[in-house]
Every structure is written in C-alpha cells, then in structure tokens.
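What follows is a short report on a single structure.
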Ligand code: GAR
C-alpha cells in the first residue's frame, strides 16, 4: 500500500510537479492524495487539477486556513505532508498535530540561510557552494533534522536568479528521492 502524501503549495508548484511526476512510477512508494494551497489562484493548483489530482484551496485567515487544510488532509487519508513552496508559517498547533509527518524543501544548504532570499545571501557572503535541503518541519523555522541535500558551485557572475534556476533543477531531483526514502522509513 502506497503512502498517501498531501502537498502544500503557494504558487508555481514546480516541486509539487516533480513529486507528482515521480509518483507515476508504479515502483514509487507514495501517491499524491491531495494538493492544497493557501491561494486559490496558485498556478500549481490548476496544473494539479488538470492532471486529475485532488485539489483544495483554503479559505483566508490563519485559523480558518489551517483548520480547513487539516480537515482536507485527513479527509484525503494523508499520512505525510510535503511542503513545496508553501510560503506560510504553520502554527505550532498544526506542527504538533502532524509531528514528524511534515517535510519541507528549502533552497539553501541548511543550517545556512533559513528564511527568505537564500540565494542573494549566499552570493553576498562569497560562498563557493549553494544548494537545497529537505528537512523535517518543527516549530523552529527551517530548523528540523535535515534528511537530504544537493549542492552545486556558485559560478562567477551568478545572480540570485541564475543560481535559483540551477538550484531549482536540483530540488526537482532531490525532493522525490528524499520523500520516497522518508515514507519508506515511516513507522
Ligand atoms: C522553491 O525554490 C522552494 O525551495 C522554495 O520556494 C520555491 C518554490 O518553487 N521554498 C522556500 O523558500 C520555503 N521557505 P515551486 O513553487 O516551483 O516549487
């Protein structure tokens, strides 16, 4: 029986697309049971709907949004939540209710550059490398255990945009692989 994954997005959803594409492989240990967004007009939500995936757009307001997402995830039989460009902080209560069941992809080599503008900060610091991390979500922003990382060199002349594009390509490879390993080791 495949693990049922709920993916939370806020926008473009390219990481969600990578997870959904990997899930088409019969050998993939997870299925996408729901794609949910805090934004009804998130482009990724439209794509997911076109692909025949179950989708959910949450109502506004933090408490209403989280209650609705929680109910939608439980209604879809979700056991694992994958944040994929979900740009809202989850409340401590939500994290506690799904303790150890939420993972996130973040565009930096954690513990470096938690939060926003990761690529600009890596370039400004003169770092030789950048990358992305998949980690367990806890109450601490981008602070949970790191499950996997991909790294690549920062090139002379890189801008935050050129670096983001190369890191994103790595995200699309890393996330499906780490999610598959994560659900296989779930209790
Ligand atoms: C990705 O680069 C992801 O790592 C980042 O937002 C982008 C979403 O793109 N996430 C964060 O910064 C979370 N703090 P996508 O919607 O195309 O997957």
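In the numbering used here, the protein residues as written are 8 to 194. Note that CB positions come from ideal geometry on N, CA and C, so glycine has one too. Since the model is a prediction, treat every value here as computed from it, not as a measurement.
Apart from sequence neighbours up to five positions away, no residue of its chain approaches residue 193 with a beta-carbon distance below 6 angstroms. Around the CB of residue 183, 16 or more other CB atoms lie within 10 Å, so the residue is classed as buried. When DSSP states are grouped into helix, strand and coil, residue 136 belongs to the strand group. With a cutoff of 7 angstroms, residue 178 counts as near the ligand GAR, since its C-beta is closer than that to a heavy atom of the ligand. The DSSP-derived three-state label of residue 11 is strand.
For residue 93, the closest of 58, 50 and 57 by C-alpha to C-alpha distance is 50. Listed as beta-bridge partners of residue 41 by DSSP are 13. Using a cutoff of 7 angstroms, the CB of residue 126 does not count as near the ligand GAR, since none of the ligand's heavy atoms is closer than that.
Under the rule that a run must span 4 or more residues, the alpha helix (DSSP H) segments found entirely inside the region 63 to 96 read 69 to 82.
The beta carbons of residue 82 and residue 108 sit about 16 angstroms from each other, so the pair does not count as a contact at 8 angstroms.
At the C-beta level, residue 138 and residue 185 stay beyond 8 angstroms of one another. Your pair residue 178 and residue 118 does not check out as a contact, with CB atoms roughly 18 angstroms apart and the cut at 8 angstroms.
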